[in-house]
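**Student:** Residue numbers (the working numbering): 1 to 368. Ideal placement from N, C-alpha and C gives every residue a C-beta, glycine not left out. Keep in mind it's a predicted model, so treat the numbers as computed, not measured. Have a look at this one.
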């Protein structure tokens with residue numbers, strides 16, 4: 001049997017709730033965050049805020065999207081220009097051009113990973129409370145039975161002027177927009193990691209607890225499981241809402257662009273240490289480390305929740321002998337994080353992502 005949670009019926013460790021509280025408290029200083037978290041009640045509420053705050057929150061998310069699109073056009077223009085040139089001997093300008101293309105790709109992929117969470121925070125604010133506040137209700141129900149730099153910036157060419165004064169003003173604007181972009185990316189990344197771990201931990205722990213309860217009750221011949229069946233159906237409905245309102249649009253860019261940013265960051269860490277200034281180069285291993293933590297901390301937790309729910313569904317179908325219970329058990333489906341139209345995240349996904357990162361990184365290093 002697995003280690004029991006912090007308290008009886010608890011689905012998520014207190015540390016995760018404390019981290020969420022610290023995140024909500026501190027991040028309001030850095031960037032507009034329309035949430036308030038009550039640690040004692042474990043309750044997340046939406047703050048209406050001022051018109052200025054709502055505008056800043058929405059504009060930060062929109063700027064991240066516009067920045068990504070602009071970087072994409074910039075990259076396309078550079079690649080088109082490069083392909084139209086006559087091949088010649090490599091010079092120092094070719095190295096700089098290659099570096100600029102690499103930075104373009106980096107600035108396109110990194111924000112794309114977090115667009116789902118950023119859009120949810122800015123425009124679908126009620127989704128997060130609807131997801132997180134249900135966990136406390138499930139915990140209460142489980143207690144009864146007794147057992148979570150500027151010049152390399154892709155848009156810098158469009159923010160320059162021959163006039164010294166205008167150039168200074170444009171550089172200040174560039175710095176401000178870069179600050180907004182970095183703030184939005186960090187805000188979305190931390191929120192994604194915390195909310196994802198809390199939700200996936202509650203799914204995994206809930207399925208494990210329900211299975212242990214059924215296992216204990218099944219020792220008595222002819223035992224009925226109406227409470228456990230009803231509770232799992234509630235879990236299933238809650239999970240369907242999570243997938244429809246959040247995971248369907250947020251997980252695919254996180255997963256696929258996350259693999260790309262890991263490969264890109266590892267490649268840059270190995271190959272760009274001579275070309276980049278030290279303070280810019282330091283971002284590459286940092287990004288690689290954070291992205292790896294995302295893929296190999298959040299992804300296995302999501303897979304674990306799915307596998308635990310599969311075990312519960314199989315066990316429930318086997319143990320339910322009464323006609324109506326058997327009929328309901330047949331309608332059970334495993335719960336977990338859905339990656340858009342590609343299916344539920346399982347252990348196979350973790351292995352495939354690990355293989356994709358390794359193979360793509362080695363191929364990129366050998367060919368470029």
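Write down the C-beta distance between residue 68 and residue 112 rounded to the nearest angstrom, noting that I regard them as a contact closer than 8 Å.
**Tutor:** At roughly 6 Å, the Cβ-Cβ gap stays under 8 Å, so residue 68 and residue 112 are in contact.
**Student:** Can you look up residue 269 in the DSSP assignment and give me helix, strand or coil?
**Tutor:** Reduced to three states, the DSSP call for residue 269 is helix.
**Student:** When DSSP labels each residue in this structure, what does residue 333 get in the three-state scheme?
**Tutor:** DSSP places residue 333 in coil when its eight states are reduced to three.
**Student:** Is DSSP giving residue 200 helix, strand or coil here?
**Tutor:** Helix, per DSSP.
**Student:** Kindly list the residues whose CB is nearer than 6 Å to the CB of residue 305, restricted to its own chain and excluding five residues on each side of it in sequence; keep chain order.
**Tutor:** 200, 203, 204, 336, listed in sequence order.
**Student:** Can you tell me which of the three DSSP states residue 66 falls into?
**Tutor:** Helix, per DSSP.
**Student:** How would you label residue 179, buried or exposed, when you count the other beta carbons within 10 angstroms and need 16 or more for buried?
**Tutor:** Residue 179 comes out exposed.
**Student:** Does the segment 58-68 come within contact of the segment 113-120, defined as at least 3 CB pairs closer than 8 Å?
**Tutor:** Counting Cβ pairs under 8 Å, three or more are found: they touch.
**Student:** Within its chain, find whatever has a CB closer than 6 Å to the CB of residue 146; leave out the 5 residues flanking it on each side and keep chain order.
**Tutor:** Residue placement at residue 146 cannot be trusted, given a pLDDT of 36 that sits under 50; what the coordinates show is reported in the next sentence. Same-chain partners within the cutoff: there are none.
**Student:** Taking only the alpha-carbon atoms, compute the straight-line gap between residue 237 and residue 77 and give it to the nearest angstrom.
**Tutor:** The alpha-carbon atoms of residue 237 and residue 77 are separated by roughly 47 Å.
**Student:** Please classify residue 363: is it buried, with 16 or more other beta-carbons within 10 angstroms of its beta-carbon, or exposed?
**Tutor:** So residue 363 counts as exposed.
**Student:** Are the CB atoms of residue 119 and residue 72 within a distance shorter than 8 Å?
**Tutor:** Cβ atoms of residue 72 and residue 119: not closer than 8 Å.
**Student:** What three-state label does DSSP hand residue 177 in the structure shown?
**Tutor:** Reduced to three states, the DSSP call for residue 177 is helix.
**Student:** Which residues mark the beginning and the end of the alpha helix (DSSP H) in which residue 366 is found?
**Tutor:** Segment 347-367, the alpha helix (DSSP H) holding residue 366.
**Student:** Assign residue 168 to buried or exposed, taking buried as 16 or more other Cβ atoms, counted over all protein chains shown, within 10 Å of its Cβ.
**Tutor:** Residue 168 comes out exposed.
**Student:** Grab the span of the alpha helix (DSSP H) containing residue 120 for me, first residue to last.
**Tutor:** From DSSP, the alpha helix (DSSP H) with residue 120 extends over 115-123.
**Student:** Considering only the alpha carbon of each residue, which of 140, 57, 175 lies closest to residue 11?
**Tutor:** Answer by Cα proximity: 140.
**Student:** For the 8 Å Cβ check, are there 3 or more pairs between the segment 312-326 and the segment 243-252?
**Tutor:** No contact exists between the segment 312-326 and the segment 243-252.
**Student:** With distances taken Cα to Cα, identify the nearest neighbour of residue 54 among 21, 83, 125, 23.
**Tutor:** Answer by Cα proximity: 125.
**Student:** Can you give me the Cβ contacts of residue 127 inside the same chain, cut-off strictly under 6 Å, excluding the 5 residues immediately before and after it?
**Tutor:** For residue 127, where only same-chain residues beyond five positions count, the Cβ hits under 6 Å are 120, 245, 246.
**Student:** Helix, strand or coil: how does DSSP classify residue 95 here?
**Tutor:** Three-state DSSP puts residue 95 in a helix.
**Student:** Find out if the Cβ-Cβ distance for the pair residue 282, residue 265 is shorter than 8 Å.
**Tutor:** No; because the gap between Cβ atoms is not below 8 Å, this pair is not in contact.
**Student:** Per DSSP, what are the beta-bridge partners of residue 43 in this structure?
**Tutor:** Per DSSP, 38.
**Student:** Report the three-state DSSP secondary structure of residue 9 (helix, strand or coil).
**Tutor:** With a pLDDT of only 43 at residue 9, under the threshold of 50, the placement of this residue in the model should not be trusted, and no figure is reported.
**Student:** Could you please give the first and the last residue of the uninterrupted alpha helix (DSSP H) stretch that includes residue 309?
**Tutor:** Note, residue 309: alpha helix (DSSP H), 299-319.
**Student:** For residue 274, does the count of other Cβ atoms within 10 angstroms reach 16, so buried, or fall short, so exposed?
**Tutor:** Burial call: exposed.
**Student:** Alpha helix (DSSP H) containing residue 16: first to last residue?
**Tutor:** Note, residue 16: alpha helix (DSSP H), 14-30.
**Student:** Taking DSSP's pairing of strands, which residues face residue 338 in a bridge?
**Tutor:** DSSP lists 344 as partners of residue 338.
**Student:** Let's test the definition: count the other Cβ atoms within 10 Å of the Cβ of residue 301 and tell me whether it reaches 16, buried, or not, exposed.
**Tutor:** Residue 301 should be labelled buried.
**Student:** Find the nearest neighbour of residue 135 within the set 210, 59, 235, judged by alpha-carbon distance.
**Tutor:** With distances taken between Cα atoms, residue 135 lies closest to 235.
**Student:** Report the residue from 270, 182, 207 whose alpha carbon sits nearest the alpha carbon of residue 361.
**Tutor:** That would be 270, whose Cα lies nearest to the Cα of residue 361.
**Student:** Which word fits residue 216, buried or exposed, when buried means at least 16 other C-beta atoms lie within 10 angstroms of its C-beta?
**Tutor:** It is exposed - the Cβ of residue 216 has fewer than 16 other Cβ atoms within 10 Å.
**Student:** Hey, residue 75 and residue 104 are a contact pair by Cβ (cut 8 Å); roughly how many whole angstroms apart?
**Tutor:** Between residue 104 and residue 75 the Cβ distance is about 4 Å, and since that is below 8 Å, they are a contact.
**Student:** Measuring CB to CB, does residue 44 end up less than 8 Å from residue 133?
**Tutor:** Yes, the pair counts as a contact, with Cβ atoms nearer than the cut-off.
**Student:** Along the chain, where does the alpha helix (DSSP H) that runs through residue 126 open and close?
**Tutor:** Run containing residue 126: none; DSSP gives neither H nor E here.
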